[in-house]
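One structure is given here, and the rest of the page talks about it.
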Amino acid sequence: MMEEEDLEFVEELEAVLQLTPDVQLAIEQVFPSQDPLDRADFNAVEYINTLFPTEQSLANIDEVVNKIRLKIRRLDDNIRTVVRGQTNVGQDGRQALEEAQKAIQQLFGKIKDIKDKADKSEQMVKEITRDIKQLDHAKRHLTTSITTLNHLHMLAGGVDSLEAMTRRRQYGEVANLLQGVMNVLEHFHKYMGIPQIRQLSERVKAAQTELGQQILADFEEAFPSQGTKRPGGPSNVLRDACLVANILDPRIKQEIIKKFIKQHLSEYLVLFQENQDVAWLDKIDRRYAWIKRQLVDYEEKYGRMFPREWYMTERIAVEFCHVTRTELAKIMRTRAKEIEVKLLLFAIQRTTNFEGILAKRFSGCTLTDGSLKKLESPPASTNPFLEDEPTPEMEELTMDKGDLEQPKKPKAPDNPFHGIVSKCFEPHLYVYIESQDKNLGELIDRFVADFKAQGPPKPNTDEGGAVLPSCADLFVYYKKCMVQCSQLSTGEPMIALSTIFQKYLREYAWKILSGNLPKTTSSSGGLTISSLLKEKEGSEVAKFTLEELCLICSILSTAEYCLATTQQLEEKLKEKVDVSLTERINLTGEMDTFSTVISNSIQLLVQDLDAACDPALTAMSKMQWQNVEHVGDQSPYVTSVILHIKQNVPIIRDNLASTRKYFTQFCIKFANSFIPKFITHLFKCKPISMVGAEQVR
């Protein structure tokens, strides 16, 4: 029974001493120990097995038991000492807590006393500074009152003076006074509820209205809409009136400008009426000469009357441009059948030159004015006045292959006046496009006639294979047309011109290039050893003569030049046309056409040389090689093939010196054609003896 009770006690004790992992970890950190008895997972059996691993080790069991009992007694002594030491701890803790609470109460009482004293001090300070604050408020209010009274005095006196000066038309004094009165009136916006202030504000508005009407009446009197300008010229009164108009409602200023410009251009509308001879395009120079004289006259007579920031000279020029564009458009619609190409180009050239003069003279700042229409600025590359004028020598230079590698000229700044007048010519540019269509058609016909008259190029290796002169002439004309049309318009007319370019590039490719390639004939079969021997003696069996070979090489070189130049032409057209229309410029089809001409030319050269070698291969296949008894010099067919290659290839090489890549293509295509054919004929030589096989080489 005792043993069972002891076991139950041990189990209960173990259950009570089962600590959580966190507590066990904290104990290990505070009291680190390597003793197995201190481990949480202590196992008595393992521990005993560690002490007595073998039966022999049981001999010292008494010694081990004594050590454990000694250790137990020491632990009991330590526990007893600790327990006795803790008997008075609770009483000491309660006493310390009571002392701490008393100290906190004393501290709280002292803090409360300090706070009460601070409140009393603050109240005392408020009582001391109350009078000072009242004095500060009184001073600030007094200062504001004095300032407001001064402003009121200035406003009342200014309004009286303003009304008096307005009646006496003392605009010089009014300009300075009105600005001051308006500045002072801004200080009274928050006092508009006061009747007297509101009355002064209404008087200022009335004075402004009266000034505006009075100034407009003065200008109407000085520059009546009907009749001539006043002989005495501008007066100081009107000059000062302009200064006043700068301060008044902007509509007054705009009305003055509008009436003055209208009166200034009234003579122009009479002189260049639609029914007058000088109104037609052939005398368009007179319009621009007239406005130049008027601008000079304005500077002399009225330059000092209007403020500089009004830009009156530029406004007159801009309004003249708008009127001219409208009048020209009207008269061209009426007399559209009388418009000829030369007349149209003359008018456009003079107009664009005038727009260039305006760009050099004025900044274009008035074009953004709400009272005037704003024209879209064209791309910089289409500005005819900021690009170098093409000279006759420059026009003869074609867009050679090195154009793409040359550094591009930096774009010039936009001309704000581009198209301000010349836009009216765009609806009639179809006349120019139709003319270019006709001219290009005649040019192609002339090229065809010249080629037939002059015949194919002479067989000279120094000149053979050169680009046909007509090709350079065609692209020079294209470049001239492109530059000219881009100066006229960068919109739909450029698209129409590019369509015409495409049409005649195709015609040039078929009529001049493909149309003049030599025609092939089928006459290659039935040759024997005797004919082969005749060839060896010097007879010609090549289908194409030397002149025809030179012609094919010349057409190939021309097609290659046209291909490269057409690509550059496409890029130039895209530079000249509006950005929104660049996708409609596409010359890929024409470039493919020239590529086809190149392929056909190379194929003709290959077929010619291939056909020249056919008789020799035929003779080789028909020879009785099994009857050859001894090996001699090279076979006759080899000599014939070498002869034809030596005749044709050097000529082709020299004539394609400027286009080496196409000579390489010719060689590759000939090899790809000749080698399979040679192998085929070689198999036809059966039966063949050993000696014959050696001789066949």
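Start counting the sequence shown at 1; every next residue gets the next number (the UniProt record's numbering). Quick reminder that beta carbons are idealized off the backbone N, C-alpha and C, glycines included. Bear in mind that the values here come from a model prediction, so they are computed numbers and not experimental data.
Distance between residue j and residue i (C-alpha atoms, nearest Å)
{"i": "I132", "j": "L142", "result": "15 Å"}
{"i": "K301", "j": "Q484", "result": "40 Å"}
{"i": "D437", "j": "I500", "result": "6 Å"}
{"i": "I261", "j": "E220", "result": "12 Å"}
{"i": "R325", "j": "N150", "result": "57 Å"}
{"i": "P687", "j": "L609", "result": "29 Å"}
{"i": "N236", "j": "A336", "result": "49 Å"}
{"i": "V270", "j": "H264", "result": "12 Å"}
{"i": "H322", "j": "I420", "result": "7 Å"}
{"i": "L497", "j": "K503", "result": "10 Å"}
{"i": "L107", "j": "Q101", "result": "10 Å"}
{"i": "A449", "j": "L344", "result": "31 Å"}
{"i": "C424", "j": "S363", "result": "22 Å"}
{"i": "A138", "j": "I146", "result": "12 Å"}
{"i": "T20", "j": "D38", "result": "15 Å"}
{"i": "L549", "j": "S486", "result": "41 Å"}
{"i": "L358", "j": "T352", "result": "10 Å"}
{"i": "M591", "j": "C562", "result": "8 Å"}
{"i": "R350", "j": "V431", "result": "18 Å"}
{"i": "I197", "j": "V204", "result": "11 Å"}
{"i": "I284", "j": "A347", "result": "6 Å"}
{"i": "E46", "j": "E28", "result": "21 Å"}
{"i": "M305", "j": "I316", "result": "15 Å"}
{"i": "F544", "j": "S580", "result": "51 Å"}
{"i": "R94", "j": "I104", "result": "15 Å"}
{"i": "I668", "j": "F674", "result": "10 Å"}
{"i": "I48", "j": "I72", "result": "16 Å"}
{"i": "F683", "j": "N672", "result": "18 Å"}
{"i": "M620", "j": "A611", "result": "15 Å"}
{"i": "L216", "j": "R167", "result": "14 Å"}
{"i": "E148", "j": "A206", "result": "The sequence given here places Thr at residue 148; Glu does not occur at that position. Roughly 23 Å between the two C-alpha positions."}
{"i": "R251", "j": "G193", "result": "29 Å"}
{"i": "S201", "j": "D218", "result": "26 Å"}
{"i": "S514", "j": "T334", "result": "47 Å"}
{"i": "H418", "j": "Q567", "result": "29 Å"}
{"i": "T129", "j": "I111", "result": "27 Å"}
{"i": "K479", "j": "R660", "result": "28 Å"}
Pair within 9 Å by beta-carbon distance, residue i and residue j
{"i": "T582", "j": "K572", "result": "no"}
{"i": "Y311", "j": "C365", "result": "yes"}
{"i": "E492", "j": "E426", "result": "yes"}
{"i": "residue 706", "j": "V64", "result": "Lying before the first or after the last residue shown, residue 706 is absent from the chain, which here runs from 1 to 697."}
{"i": "L238", "j": "G212", "result": "no"}
{"i": "I552", "j": "L604", "result": "yes"}
{"i": "I444", "j": "Y508", "result": "yes"}
{"i": "A44", "j": "Q24", "result": "no"}
{"i": "L367", "j": "P307", "result": "no"}
{"i": "V641", "j": "C685", "result": "no"}
{"i": "A279", "j": "E309", "result": "no"}
{"i": "D240", "j": "V296", "result": "no"}
{"i": "L505", "j": "T593", "result": "yes"}
{"i": "L440", "j": "L488", "result": "no"}
Cβ neighbours of residue i in the same chain (closer than 7 Å, five flanking residues each side left out)
{"i": "Y662", "result": "L556, E560, I598, I602, L656"}
{"i": "I652", "result": "L549, C553, L605, F663, F666"}
{"i": "A329", "result": "C424"}
{"i": "Y637", "result": "L532, A616, L617, A619, M620"}
6 Å CB neighbourhood of residue i in its chain, flanking five on each side removed
{"i": "L617", "result": "H681"}
{"i": "N78", "result": "none"}
{"i": "P413", "result": "Below a pLDDT of 50, predicted positions are generally treated as unreliable, and P413, at 47, falls in that range; no measurement from the model is reported."}
{"i": "K677", "result": "none"}
{"i": "Y288", "result": "F354"}
Close beta carbons around residue i, own chain, < 8 Å, minus the five adjacent residues each side
{"i": "S121", "result": "none"}
{"i": "G158", "result": "L177, G180, V181, V184"}
Quiz item: Using 8 Å as the Cβ pair cut-off and three pairs as the minimum, do the stretch 236 to 252 and the stretch 173 to 182 touch?
Solution: yes
Quiz item: Do the stretch 263 to 279 and the stretch 338 to 353 touch if we need at least three Cβ pairs shorter than 8 Å?
Solution: no
Quiz item: Do the stretch 179 to 197 and the stretch 147 to 167 meet, that is, are 3 or more Cβ pairs less than 8 Å apart?
Solution: yes
Quiz item: Touching or not, the stretch 252 to 260 and the stretch 185 to 199, by the rule of three or more beta carbon pairs under 8 Å?
Solution: no
Quiz item: Given 8 Å as the limit, is there contact between the stretch 636 to 650 and the stretch 587 to 596, that is, 3 or more CB pairs closer than that?
Solution: no
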